[in-house]
Amino acid sequence: DVKVTQSSRYLVKRTGEKVFLECVQDMDHENMFWYRQDPGLGLRLIYFSYDVKMKEKGDIPEGYSVSREKKERFSLILESASTNQTSMYLCASSVPGQGNYEQYFGPGTRLTVT
Amino acid sequence: GENVEQHPSTLSVQEGDSAVIKCTYSDSASNYFPWYKQELGKGPQLIIDIRSNVGEKKDQRIAVTLNKTAKHFSLHITETQPEDSAVYFCAASPNGAGTALIFGKGTTLSVSS
Numbered sequence: 014d015v016k017v018t019q020s021s022r023y024l025v026k027r028t029g030e031k032v033f034l035e036c037v038q039d040m041d042h043e044n045m046f047w048y049r050q051d052p053g054l055g056l057r058l059i060y061f062s063y064d065v066k067m068k069e070k071g072d073i074p075e076g077y078s079v080s081r082e083k084k085e086r087f088s089l090i091l092e093s094a095s096t097n098q099t100s101m102y103l104c105a106s107s108v109p110g111q112g113n114y115e116q117y118f119g120p121g122t123r124l125t126v127t
Numbered sequence: 002g003e004n005v006e007q008h009p010s011t012l013s014v015q016e017g018d019s020a021v022i023k024c025t026y027s028d029s030a031s032n033y034f035p036w037y038k039q040e041l042g043k044g045p046q047l048i049i050d051i052r053s054n055v056g057e058k059k060d061q062r063i064a065v066t067l068n069k070t071a072k073h074f075s076l077h078i079t080e081t082q083p084e085d086s087a088v089y090f091c092a093a094s095p096n097g098a099g100t101a102l103i104f105g106k107g108t109t110l111s112v113s114s
């Protein structure tokens, strides 16, 4: 079974702090994604990566950055956390091509910024 | 960029009834349309998907239909059961299957027994 793990289920940070959200997948997937989920807004794409050291902006990258130094790990960084970044953050991974296009999601990290 | 609209936002049905959720997309280049189910406290999980060269796909009680001309696709759940209660998301892939997805805002389905 594909497993995508996220470093924390719940996180509380203060405004202005630098926050790291870690995501690790164990299936050697090339593609990794970060989404945020807010009530009534669905899942919105923040950043994604199709290879090590590669990153692409999604629909809402402002205030975030990412790092992918190793294939299995994709980190989301909030450079200076703000209250409007309080949200559920979901990481996903997938394999390009091969007829299986499923994105496998982690359980999510609920971040509260106070 | 791609925009995916999903309706309704909430849907309540009696056990055994059918449920239909509809989505529209804007980018004619999108060629892959998955549906995800999210249960409480979990990440979304793929339940069915369809590619643009197929009009309909069925998997037991779940079916998806795609109308490329009208740019809309729908999820059909027959003989609903209480365990079908969850949030359902449709999505589209404007840059090809396997690449980044643009999701709809979700439908909360409640099945009462």
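So the protein lines, in turn, are chains A and B.
Here the first sequence is numbered in the numbering used here, starting from 14 and rising by one per residue.
Here the second sequence is numbered in the numbering used here, starting from 2 and rising by one per residue.
All residues carry an ideal CB built from backbone N, CA and C; glycine is no exception.
Length of the line joining the Cα atoms of residue i and residue j
| i | j | result |
| --- | --- | --- |
| A:Pro126 | A:Glu115 | Looking at the sequence provided, one finds Val at residue 126 of chain A rather than Pro. Going from the Cα of A:Val126 to the Cα of A:Glu115 covers about 31 Å. |
| A:Leu124 | A:Val25 | 6 Å |
| B:Gln61 | B:Gly17 | 14 Å |
| B:Thr79 | B:Ser19 | 4 Å |
| A:Glu85 | B:Gly105 | 28 Å |
| B:Ile51 | A:Glu30 | 42 Å |
| A:Thr96 | B:Lys58 | 43 Å |
| B:Gly99 | A:Asn113 | 8 Å |
Contact set between residue i and chain A, taken where Cβ atoms lie within less than 8 Å
| i | result |
| --- | --- |
| B:Ile103 | Leu58, Asp72 |
| B:Asp50 | Tyr114, Glu115 |
Residue i classed as buried or exposed, judged by whether at least 16 other C-beta atoms fall within 10 angstroms
| i | result |
| --- | --- |
| B:Thr81 | buried |
| B:Ser113 | exposed |
| A:Phe33 | exposed |
| A:Leu91 | buried |
| A:Met45 | buried |
| B:Val55 | exposed |
Beta-bridge pairing of residue i - partner residues as DSSP gives them
| i | result |
| --- | --- |
| B:Tyr26 | B:Val5 |
| A:Gly51 | Rather than Gly, the amino acid found at residue 51 of chain A in this sequence is Asp. DSSP output for A:Asp51 lists A:Gly55 as bridge partner(s). |
Neighbouring residues, chain B, relative to residue i (Cβ below 8 Å)
| i | result |
| --- | --- |
| A:Asn44 | Gly99, Thr100 |
Interface residues of chain A facing residue i [CB-CB closer than 7 Å]
| i | result |
| --- | --- |
| B:Gly44 | Leu103, Phe118, Gly119, Pro120, Gly121 |
| B:Tyr33 | Tyr114 |
Within chain B, partners of residue i - CB distance below 9 Å
| i | result |
| --- | --- |
| A:Phe87 | Result: empty, since nearest Cβ-Cβ is about 13 Å, beyond 9 Å. |
| A:Ser93 | Those do not exist, as A:Ser93 stays about 26 Å from chain B at its closest Cβ, beyond 9 Å. |
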